[in-house]
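Asker:
2 protein chains.
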Amino acid sequence: MYSSNALKAVLNEKGWRLTPQRETILTAFQRLQKGKHLSAEDLYELLEQQETPISLSTIYRNLKLMSHMGILRELEFAEDHKHYELNQPSPNHHHHLICVKCNQAIEFKSDPIQKVGKSKAKQAGFHLLDCQLTIHALCPRCKKPAKSAS
Amino acid sequence: MYSSNALKAVLNEKGWRLTPQRETILTAFQRLQKGKHLSAEDLYELLEQQETPISLSTIYRNLKLMSHMGILRELEFAEDHKHYELNQPSPNHHHHLICVKCNQAIEFKSDPIQKVGKSKAKQAGFHLLDCQLTIHALCPRCKKPAKSAS
DNA sequence: AAACTTATTGCGAATAACTCTGATTAAAAT
DNA sequence: ATTTTAATCAGAGTTATTCGCAATAAGTTT
Numbered sequence: 079m080y081s082s083n084a085l086k087a088v089l090n091e092k093g094w095r096l097t098p099q100r101e102t103i104l105t106a107f108q109r110l111q112k113g114k115h116l117s118a119e120d121l122y123e124l125l126e127q128q129e130t131p132i133s134l135s136t137i138y139r140n141l142k143l144m145s146h147m148g149i150l151r152e153l154e155f156a157e158d159h160k161h162y163e164l165n166q167p168s169p170n171h172h173h174h175l176i177c178v179k180c181n182q183a184i185e186f187k188s189d190p191i192q193k194v195g196k197s198k199a200k201q202a203g204f205h206l207l208d209c210q211l212t213i214h215a216l217c218p219r220c221k222k223p224a225k226s227a228s
Numbered sequence: 079m080y081s082s083n084a085l086k087a088v089l090n091e092k093g094w095r096l097t098p099q100r101e102t103i104l105t106a107f108q109r110l111q112k113g114k115h116l117s118a119e120d121l122y123e124l125l126e127q128q129e130t131p132i133s134l135s136t137i138y139r140n141l142k143l144m145s146h147m148g149i150l151r152e153l154e155f156a157e158d159h160k161h162y163e164l165n166q167p168s169p170n171h172h173h174h175l176i177c178v179k180c181n182q183a184i185e186f187k188s189d190p191i192q193k194v195g196k197s198k199a200k201q202a203g204f205h206l207l208d209c210q211l212t213i214h215a216l217c218p219r220c221k222k223p224a225k226s227a228s
């Protein structure tokens, strides 16, 4: 959980600035219920309802920035756009099992996998941001019907 | 390695058809060098050069279809488009370590991870298509510079 | 082998996620 | 306070991907 000051510190370290918009975005994710995630558009609408609107371009820019900082993680569920959630450490860190047809997502945890991720990154001299096992599959419902396009 | 007949079999099973275009696409991926992968556009251009052109929409349709069948896997390297490669079983199955800044990708293998994938899918009653550990990180080069946007 | 059904193709238009531009504002440093 | 320059906003622009529809052809039935 980042405080406003901690966020400022990591931003300033790279020559970036703490803006009210960035605080707002981080707070929105921190308040989010476990297992929930937001697309750029979702976040845009949420902030509008909250009466703390932020322009779409700013949202896109900061979602990318915060992912590249390791604060958020980018999820690839649906076919055509990304989702985001807080990137949390071990007890809350998790992976996803996704039905490629209906996009239903199930979370699961696995510390061994996280360890593999950490060690592979270290081995290659990379600075780890996030690691996630993505399992693409067909859920019980969607695997049944023999026919039906796509 | 799918033969043309094996491909026909799995397609027909679902009421789908074996078309020359589908054979061409599968063959293109089978001929691809280890570690290589193609975007829809890449494939389009490759097939054009090969004098076996296929329309872009057909390419998109079939990349999706073949991914949903478990023949191809969808990779999310670059920011703005997908890449595809053959979905191969155990000795060739692998995962990716990716630099989020320069998109450099390093492959690595891990049977334990595959096992977790298989067991989680089974546990939830899903039909497994593909599982991949994606490690987002900064490569040695990209992690250095303190300043520089996004 | 001819007829039939309907999945598939190709083309171009349409969509939608995302990025870019340029003027303005406001963090942080001096 | 002043200065520097990163960040915001709004809207235009870009581009990967999908859609619609007429024409074609795979697989099936007779």
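If you read the protein sequences in the order shown, they are chains L and R.
Residue numbers for the first sequence follow the working numbering, so the first one is 79 and each next one is one higher.
Residue numbers for the second sequence follow the working numbering, so the first one is 79 and each next one is one higher.
Just so it is clear, CB atoms sit at the ideal spot from N, CA and C, and this is done for glycine as well.
Keep in mind that this is a model prediction, so the values were computed, not measured.
1) Please report the straight-line C-alpha distance between residue 104/L and residue 97/R, rounded to a whole angstrom.
2) Leaving out five residues on either side along the sequence, give the residues of the same chain with a beta carbon under 8 Å from the beta carbon of residue 95/R.
3) Could you give the residue range of the alpha helix (DSSP H) that holds residue 108/L?
4) Taking only beta-carbon atoms, is residue 205/L less than 8 Å away from chain R?
5) Identify the contact partners of residue 155/L in chain R, using a Cβ-Cβ distance below 9 Å as the criterion.
6) Can you find a CB in chain L that lies within less than 8 Å of the CB of residue 214/R?
7) Measure the alpha-carbon distance for residue 144/L versus residue 150/L and round it to whole angstroms.
8) Going straight from the alpha carbon of residue 102/L to that of residue 130/L, what length do you get?
9) Who are the near neighbours of residue 216/R in its chain, counting only those whose CB is closer than 7 Å to its CB and skipping five residues on each side?
10) On the criterion of 16 or more Cβ atoms from any shown chain inside 10 Å, does residue 219/R qualify as buried, or is it exposed?
11) Identify the residues that DSSP records as bridge partners of residue 215/L: which are they?
12) I'd like the span of the alpha helix (DSSP H) that includes residue 89/L, first residue to last.
13) When we look at the beta-carbon of residue 208/L and count the other beta-carbons within 10 Å, is it buried (16 or more) or exposed?
14) Just to confirm, is the Cβ distance from residue 205/L to residue 221/R under 8 Å?
15) How many Å lie between residue 170/R and residue 187/R at the Cα?
16) Got a sec: is the Cβ-Cβ distance from residue 83/R to anything in chain L below 8 Å?
17) Measure from the alpha carbon of residue 122/R to the alpha carbon of each residue in 199/R, 111/R, 138/R, 167/R, then state which is nearest.
18) Which of helix, strand or coil does DSSP assign to residue 137/R?
19) So residue 195/L contacts chain R; which residues on that side make the cut at Cβ distance below 8 Å?
20) Is the Cβ of residue 177/L closer than 8 Å to any Cβ of chain R?
21) Measure the C-alpha to C-alpha separation of residue 226/R and residue 110/R and round it to an integer number of angstroms.
22) Quick check on the burial criterion: 16 or more other C-beta atoms within 10 angstroms. Buried or exposed for residue 230/L?
23) Among 155/L, 211/L, 80/L, 196/L, which residue has its Cα nearest to the Cα of residue 100/L?
24) For residue 137/R, decide whether its Cβ has a neighbour in chain L, counting only Cβ atoms nearer than 8 Å.
25) For the alpha helix (DSSP H) containing residue 191/R, list its first residue and its last residue.
26) When you compare the CB positions of residue 119/L and residue 154/R, do they come within less than 8 Å of one another, or not?
27) Using a Cβ cut-off of 8 Å (strictly closer), state whether residue 90/R contacts chain L.
28) Taking the straight line between their C-alpha atoms, what separation do you get for residue 115/R and residue 163/R?
29) Mapping the DSSP letters down to three states, classify residue 123/R as helix, strand or coil.
30) When we look at the beta-carbon of residue 210/R and count the other beta-carbons within 10 Å, is it buried (16 or more) or exposed?
31) For residue 156/L, does the three-state DSSP call read helix, strand or coil?
Answerer: Quick answer:
1) Mapped onto the first sequence, residue 104/L falls at position 26. Mapped onto the second sequence, residue 97/R falls at position 19. For residue 104/L and residue 97/R, the distance between alpha carbons rounds to 50 Å.
2) Within the second sequence, residue 95/R is the residue found at index 17, counting from 1. Counting only Cβ-Cβ distances below 8 Å, and skipping sequence neighbours, we find 89.
3) As a position in the first sequence, residue 108/L is number 30, starting the count at 1. Counting along the chain, the alpha helix (DSSP H) containing residue 108/L begins and ends at 98-109.
4) For this step, residue 205/L is matched to residue 127 along the first sequence. At least one chain R Cβ lies under 8 Å of residue 205/L.
5) Position 77 of the first sequence holds residue 155/L. By Cβ distance, chain R contributes nothing, its closest Cβ being about 11 Å from residue 155/L, past 9 Å.
6) What you label residue 214/R is simply residue 136 of the second sequence in a count that begins at 1. For residue 214/R, the answer is yes, since a Cβ of chain L falls inside 8 Å of its Cβ.
7) Residue 144/L sits at position 66 when you count from the first residue of the first sequence. Residue 150/L sits at position 72 when you count from the first residue of the first sequence. Cα-Cα distance, rounded: 6 Å.
8) To locate residue 102/L, count along the first sequence from 1; it is residue 24. To locate residue 130/L, count along the first sequence from 1; it is residue 52. If I take the Cα positions, the gap works out to 8 Å.
9) As a first step, residue 216/R must be located in the second sequence, where it is residue number 138. Excluding positions up to five away in sequence, the list reads 177, 178, 179.
10) Residue mapping note: residue 219/R aligns to position 141 of the second sequence, counting from 1. Exposed is the call here.
11) Here residue 215/L corresponds to residue number 137 of the first sequence, with the count starting at 1. BP columns for residue 215/L point to 177/L, 206/R.
12) As a position in the first sequence, residue 89/L is number 11, starting the count at 1. Per DSSP, residue 89/L belongs to the alpha helix (DSSP H) from 82-91.
13) Mapped onto the first sequence, residue 208/L falls at position 130. The residue in question, residue 208/L, is buried, as its Cβ has 16 or more Cβ neighbours within 10 Å.
14) The residue given as residue 205/L occupies position 127 in the first sequence. The residue given as residue 221/R occupies position 143 in the second sequence. Going by C-beta atoms, residue 205/L is nearer than 8 Å to residue 221/R.
15) Reading the second sequence from its first residue, position 92 is the one you call residue 170/R. Reading the second sequence from its first residue, position 109 is the one you call residue 187/R. When rounded, the distance between both Cα atoms is 8 Å.
16) Start at 1 with the first residue of the second sequence, and residue 83/R comes out as number 5. Taking 8 Å as the threshold, the shortest C-beta distance from residue 83/R to chain L does not fall below it.
17) By 1-based counting over the second sequence, the position of residue 122/R is 44. The option with the nearest alpha carbon to residue 122/R is 138/R.
18) Counting from 1 along the second sequence, the entry for residue 137/R is found at position 59. In the structure shown, residue 137/R sits in a helix (DSSP, three-state: H, G or I).
19) For the purposes of this step, residue 195/L is taken as the residue at position 117 of the first sequence. Those are 211, 213, listed as they occur along chain R.
20) Residue mapping note: residue 177/L aligns to position 99 of the first sequence, counting from 1. Closer than 8 Å to some Cβ of chain R, the Cβ of residue 177/L qualifies, so yes.
21) As a position in the second sequence, residue 226/R is number 148, starting the count at 1. As a position in the second sequence, residue 110/R is number 32, starting the count at 1. For residue 226/R, the predicted structure reports a pLDDT of 37, less than 50, and the residue's modelled location is therefore unreliable. A value from the coordinates is still provided. Looking at the two C-alpha atoms, the distance is approximately 36 Å.
22) Nothing in the structure corresponds to residue 230/L, since chain L is present only between 79 and 228.
23) By 1-based counting over the first sequence, the position of residue 100/L is 22. Taking only the C-alpha atoms, the option nearest residue 100/L is 80/L.
24) Numbered from 1 along the second sequence, position 59 holds the residue referred to as residue 137/R. Chain L, which has no Cβ nearer than 8 Å to the Cβ of residue 137/R, makes this no.
25) Along the second sequence, one-based indexing puts residue 191/R at 113. First-last of the alpha helix (DSSP H) with residue 191/R: 189-201.
26) In the first sequence, counting from the first residue as 1, residue 119/L sits at position 41. In the second sequence, counting from the first residue as 1, residue 154/R sits at position 76. No.
27) Counted from its first residue, the second sequence places residue 90/R at position 12. By this cut-off, residue 90/R is not an interface position.
28) Within the second sequence, residue 115/R is the residue found at index 37, counting from 1. Within the second sequence, residue 163/R is the residue found at index 85, counting from 1. About 5 Å.
29) Against the second sequence, residue 123/R aligns to sequence position 45. Three-state result, residue 123/R: helix.
30) As a working note, residue 210/R is residue 132 in the second sequence. Counting Cβ neighbours within 10 Å, residue 210/R comes out buried, since at least 16 surround it.
31) Start at 1 with the first residue of the first sequence, and residue 156/L comes out as number 78. Correct three-state label for residue 156/L: coil.
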